[in-house]
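Written below as structure tokens is the structure these notes are about.
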Amino acid sequence: EPIKGHVTFNHVTLTYTKDDDSALKDICFDAPPGKVIGLIGSTGAGKTSITQLITRFYEPEIGEVLVDNRSVKDYNIKTLRKHIGFVLQEPFLFSTTIKENIAYGNPDVTDHQIMDAAKRAQAHEFIMNLPNGYETMLGERGMGLSGGQKQRIAIARAICINPSILVLDDATSAVDMETEFKIQKALKEVMQGRTSFIIAHRISSLKHADEILVLDEGQIVERGTHDELLNNDGQYKRIYDI
Ligand code: DCP
Ligand code: MG
Numbered sequence: 075e076p077i078k079g080h081v082t083f084n085h086v087t088l089t090y091t092k093d094d095d096s097a098l099k100d101i102c103f104d105a106p107p108g109k110v111i112g113l114i115g116s117t118g119a120g121k122t123s124i125t126q127l128i129t130r131f132y133e134p135e136i137g138e139v140l141v142d143n144r145s146v147k148d149y150n151i152k153t154l155r156k157h158i159g160f161v162l163q164e165p166f167l168f169s170t171t172i173k174e175n176i177a178y179g180n181p182d183v184t185d186h187q188i189m190d191a192a193k194r195a196q197a198h199e200f201i202m203n204l205p206n207g208y209e210t211m212l213g214e215r216g217m218g219l220s221g222g223q224k225q226r227i228a229i230a231r232a233i234c235i236n237p238s239i240l241v242l243d244d245a246t247s248a249v250d251m252e253t254e255f256k257i258q259k260a261l262k263e264v265m266q267g268r269t270s271f272i273i274a275h276r277i278s279s280l281k282h283a284d285e286i287l288v289l290d291e292g293q294i295v296e297r298g299t300h301d302e303l304l305n306n307d308g309q310y311k312r313i314y315d316i
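Per the numbering used here, residue 75 is the first one in the sequence shown, and the count goes up by one each step.
So, in structure tokens, the structure goes:
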């Protein structure tokens, strides 16, 4: 049956290795379908770990992770993962054609849908400017494309997969401003109607989120909208002022 994409964390604690401190401590939040959750905090704070619990790459030591009010443990893992799309800072690309890269994970997709996804991902134009267009062969890990172009291919793929839950892990770092603008536009398109988790170091990428969770050493130290957090005069405000 379809997944609406309602994600709930109930007192989640995650420990990677027994001797280490917990990477996540008592994390609670509720992300209703279609809402945008921003995750911010210093390196090692636990942002990526949160998203990897949704896909069950890891299991919490304490607490539970729910999708549509049902524990992720009760899902068939393949079914669950089919509904969750990832756009990562270092997108996963294969040495095959651009077309195959966009269609990856979605064998039933048509050429028309591939092109439509690429247009929405702000990728169609640069693809058409390549000598072989959609048939252009990529090298290992997408060699031949810039970081921003690879990201837009990954966004086009996510649009084709049509996931209910979307994770954007640091998707716009390390690109110039014009490219960032194009990627932001593409992301807005792919986030449409999906529960989205935006992980960012820069506040500009997540200030429109419905709720922002500020993480520090595995704990949520502040939460709220951009405006609420600026009024708090806490860690978020300090990141903003830098
Ligand atoms: N960790 C670990 N083993 C893993 C992954 C993470 O021991 N397989 C540890 C490293 C950090 C903590 O867990 O101490 C949280 O790691 P995250 O990757 O979740 O942290 P962030 O995503 O917030 O960091 P960054 O901004 O660098 O991506
Ligand atoms: Mg991370």
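Ideal placement from N, C-alpha and C gives every residue a C-beta, glycine not left out.
Remember, predicted model here, so these are calculated numbers, not experimental data.
- Nearest to E174 by alpha-carbon distance, out of I201, I151 and D148, is I201.
- In the DSSP annotation of this structure, the continuous segment of the beta strand (DSSP E) that includes D243 starts and ends at I239 to D243.
- Proximity to ligand 2 was defined by a C-beta distance below 7 Å to any of its heavy atoms, and the residues meeting it, in sequence along the chain, are K121, T122, D243, D244 and I273.
- Residue burial is scored here from C-beta neighbours: M189 has at least 16 other C-beta atoms within 10 angstroms and is therefore classed as buried.
- With a cutoff of 8 Å on beta-carbon distance, L240 and S270 are scored as near each other.
- Counting along the chain, K99 sits inside the beta strand (DSSP E) bounded by residues L98 to A105.
- Taking 7 Å as the cut-off, one finds no heavy atom of ligand 1 near enough to the beta carbon of Y310.
- When beta bridges are read from the DSSP output, L287 appears opposite L113 and R297.
- Annotation for P134: V86, T87, L88, L98 and L127 place their beta carbon closer than 8 Å to its own, counting only its chain and skipping 5 residues before and after.
- Per DSSP, I316 lies in no alpha helix (DSSP H) and is assigned neither H nor E.
- With fewer than 16 other CB atoms across the displayed protein chains lying within 10 angstroms of its CB, S116 is exposed.
- Ranking I316, E302, D301 and I294 by CA distance to the CA of A119 puts I294 first.
- In terms of side-chain proximity, the C-beta atom of T129 is found no nearer than 7 Å to any non-hydrogen atom of ligand 1.
- Nearest neighbour of E252 by Cα position, chosen from N305, Q223 and A274, turns out to be Q223.
- Under the three-state reduction of DSSP output, I229 falls in the helix class.
- For L261, the enclosing alpha helix (DSSP H) stretches over residues M251 to M265.
- When DSSP states are grouped into helix, strand and coil, N84 belongs to the strand group.
- Counting C-beta atoms within 10 angstroms of its own C-beta, G213 has fewer than 16 neighbours from the protein chains shown and is therefore classed as exposed.
- Judged by their CB atoms, D243 and T122 are nearer to each other than the 8 Å cut-off.
- A Cβ-Cβ separation of about 17 Å leaves L304 out of contact with L113 under the 8 Å criterion.
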